[in-house]
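Trainee:
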Amino acid sequence: MIENEPLIRFGAFVAIFTAMAAFELWAPRLERPEMAGALRSRRWLVNVSMVVISSVCLRIIFPAAAVGTAIYAQSQGWGLFPAIGMPVVVAGILAFIVLDFAVWLEHLVSHKWPLLWRIHRMHHSDQGFDLTTALRFHPLEIVLSMFWKAAVIIVLGPPVVAVLVFEIVLNGMAMFNHANARLPLGLDRVLRALVVTPDMHRVHHSVVRRETDSNYGFNLSVWDRLFGTYTDQPEAGHDGMRLGLTDYDGPQTANLGWALVLPFRRAGYRLARGAEAEPPRPDYVPKGSTGK
0 MIENEPLIRF GAFVAIFTAM AAFELWAPRL ERPEMAGALR SRRWLVNVSM VVISSVCLRI
60 IFPAAAVGTA IYAQSQGWGL FPAIGMPVVV AGILAFIVLD FAVWLEHLVS HKWPLLWRIH
120 RMHHSDQGFD LTTALRFHPL EIVLSMFWKA AVIIVLGPPV VAVLVFEIVL NGMAMFNHAN
180 ARLPLGLDRV LRALVVTPDM HRVHHSVVRR ETDSNYGFNL SVWDRLFGTY TDQPEAGHDG
240 MRLGLTDYDG PQTANLGWAL VLPFRRAGYR LARGAEAEPP RPDYVPKGST GK
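Reading the sequence shown from the start, the letters are residues 0 to 291 in numbering that gives the first Met the number 0.
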């Protein structure tokens with residue numbers, strides 16, 4: 000299994016992507032006429048191209064990736080779990096949970112630190128919300144995320160299979176909770192008690208700042224509930240909510256060159272007018288920052 004890790008991950012990706020694409024066609028959640036036709040095709044092309052570029056960059060800069068790091072840590076006897084002699088099954092379960100929290104924390108920090116937000120905002124600049132949005136991460140963010148996961152893996156020393164399972168589940172869940180797919184409300188309520196559903200994560204892509212500052216999870220939903228960053232439903236409702244970033248509200252968001260250079264553009268923060276107004280969620284200066 001470990002020797003065929005790239006093939007296994009690619010096969011899982013193709014299978015899950017195909018299943019979620021069929022789910023979107025069978026039960027679409029929101030029909031957005033402005034996202035139809037040529038703009039939708041350009042969005043898909045940009046988002047799929049982004050995951051290809053990111054994968055190539057990752058293999059060049061960090062060829063070992065998460066599973067390779069786990070193999071190396073195991074060969075060196077590194078990590079907390081082997082040091083205390085933790086049973087393999089328990090270590091695998093704990094590794095999955097800790098890695099998921101680490102990804103949640105990384106996502107939260109990507110919204111709070113200006114430099115990281117400049118990179119992460121490319122993901123949020125997508126004006127649509129569907130399966131391909133899960134692929135729309137800047138190569139810089141993918142590489143930085145891998146270094147973060149590698150550091151956690153070295154500290155823990157988890158079973159290699161657990162890391163492989165986590166990577167497959169994380170990618171699959173990201174595609175699931177970005178899908179423009181309709182779940183029965185009762186099923187959604189049951190599922191989101193444990194995992195992040197499409198309706199739950201869609202709130203995170205709202206232009207309303209207090210909604211974007213919530214629902215950071217990609218897999219387990221417990222972290223947002225535990226740390227008070229959970230929002231049940233968007234204020235305007237799913238049919239009425241606006242998605243994306245108010246500073247980037249045009250066809251340029253579906254341009255590959257524009258998306259790739261977005262982190263290097265100047266960051267700003269437009270304040271809303273009026274005491275009752277909600278600040279939009281474009282490039283913003285997090286609390287405690289002096290800005291630029």
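For every residue, glycine included, the Cβ atom is placed at its ideal position computed from N, Cα and C.
None of these values were measured; they are calculated from a predicted model.
On the three-pair Cβ rule with 8 Å, is the segment 214 to 224 touching the segment 182 to 201?
Mentor: Output reads yes: the segment 182 to 201 touches the segment 214 to 224.
Trainee: Just to confirm, is the Cβ distance from E140 to H119 under 8 Å?
Mentor: The residue given as residue 140 occupies position 141 in the sequence shown. The residue given as residue 119 occupies position 120 in the sequence shown. Result yes, Cβ atoms of E140 and H119 sit closer than 8 Å.
Trainee: Ignore the nearest five residues each way along the sequence and tell me which others in A63's own chain have a CB closer than 7 Å to its CB.
Mentor: For the purposes of this step, residue 63 is taken as the residue at position 64 of the sequence shown. Same-chain partners within the cutoff: Y71.
Trainee: Determine whether the beta carbon atoms of F292 and G156 lie at a separation below 8 Å.
Mentor: There is simply no residue 292 to check, as the chain begins at 0 and stops at 291 in what is shown.
Trainee: Could you have a look at I7 and say whether DSSP puts it in helix, strand or coil?
Mentor: In the sequence shown, counting from the first residue as 1, residue 7 sits at position 8. Reduced to three states, the DSSP call for I7 is helix.
Trainee: What do you get for D238, buried or exposed, if any count of 16 or more other CB atoms within 10 angstroms of its CB means buried?
Mentor: Translated into the one-based positions of the sequence shown, residue 238 becomes position 239. Classification of D238: exposed, given that the 10 Å Cβ count is below 16.
Trainee: Determine the extent of the alpha helix (DSSP H) in which F128 is found, giving its start and end residues.
Mentor: Here residue 128 is taken as the residue at index 129 of the sequence shown, counted from 1. From DSSP, F128 is part of no alpha helix (DSSP H); its letter is neither H nor E.
Trainee: For W25, is the classification buried or exposed, using 16 other Cβ atoms within 10 angstroms of its Cβ as the cut-off for buried?
Mentor: As a first step, residue 25 must be located in the sequence shown, where it is residue number 26. Looking at its Cβ environment, which holds fewer than 16 other Cβ atoms inside 10 Å, W25 is exposed.
Trainee: Taking N170 as the reference, give the member of L219, D125, V206 with the closest Cα.
Mentor: Taking the sequence shown and counting its residues from 1, one reaches residue 170 at position 171. Comparing Cα-Cα distances from N170 to each of L219, D125, V206, the minimum goes to L219.
Trainee: Tell me, which residues are paired with L219 by DSSP?
Mentor: Stepping through the sequence shown from its first residue, residue 219 is reached at position 220. The partner list for L219 (beta bridge, DSSP) reads V194.
Trainee: Would you report the Cα separation of T252 and V88, rounded to the nearest angstrom?
Mentor: The residue you call residue 252 lines up with position 253 of the sequence shown. The residue you call residue 88 lines up with position 89 of the sequence shown. Cα to Cα, the separation comes out at about 44 Å.
Trainee: Could you have a look at A18 and say whether DSSP puts it in helix, strand or coil?
Mentor: Sequence index remark: in the sequence shown, residue 18 carries index 19 (1-based). Looking at A18 - three-state DSSP - the assignment turns out to be helix.
Trainee: Report the rounded CA-to-CA distance for A37 versus T131, giving the unit in angstroms.
Mentor: Along the sequence shown, read from residue 1 onward, the residue named residue 37 stands at position 38. Along the sequence shown, read from residue 1 onward, the residue named residue 131 stands at position 132. Between A37 and T131, the C-alpha separation is close to 15 Å.
Trainee: Within this structure, are the beta carbons of M320 and V194 separated by less than 8 Å?
Mentor: Nothing can be reported for residue 320, as the shown portion of the chain is limited to 0 through 291.
Trainee: Given that a residue counts as buried once 16 or more other Cβ atoms are within 10 Å of its Cβ, and exposed if not, what is V162?
Mentor: Taking the sequence shown and counting its residues from 1, the one referred to as residue 162 is at position 163. Counting Cβ neighbours within 10 Å, V162 comes out buried, since at least 16 surround it.
Trainee: Just the C-alpha distance for L259 and H177, rounded to the nearest angstrom, thanks.
Mentor: For the purposes of this step, residue 259 is identified with residue 260 of the sequence shown, where counting begins at 1. For the purposes of this step, residue 177 is identified with residue 178 of the sequence shown, where counting begins at 1. If I take the Cα positions, the gap works out to 21 Å.
Trainee: Where does G76 land, buried or exposed, given buried means 16+ other C-beta within 10 angstroms?
Mentor: For this step, residue 76 is matched to residue 77 along the sequence shown. When all chains shown are included, G76 counts as exposed.
Trainee: Report the CB separation of P138 from I7 in whole angstroms; it is logged as a contact under 8 Å.
Mentor: Sequence index remark: in the sequence shown, residue 138 carries index 139 (1-based). Sequence index remark: in the sequence shown, residue 7 carries index 8 (1-based). With 8 Å as the limit, P138 and I7 do not qualify as a contact, their Cβ atoms being about 23 Å apart.
Trainee: Going by Cα to Cα distance, which pick from V159, H203, V13, R42 is closest to L98?
Mentor: Locating residue 98 in the sequence shown gives position 99, where the first residue counts as 1. For the residues V159, H203, V13, R42, the minimum Cα distance to L98 belongs to V159.
Trainee: Measuring alpha carbon to alpha carbon, tell me which of P250, H122, R191, R264 ends up nearest Y229.
Mentor: Stepping through the sequence shown from its first residue, residue 229 is reached at position 230. Of the candidates P250, H122, R191, R264, the one whose C-alpha sits nearest the C-alpha of Y229 is R191.
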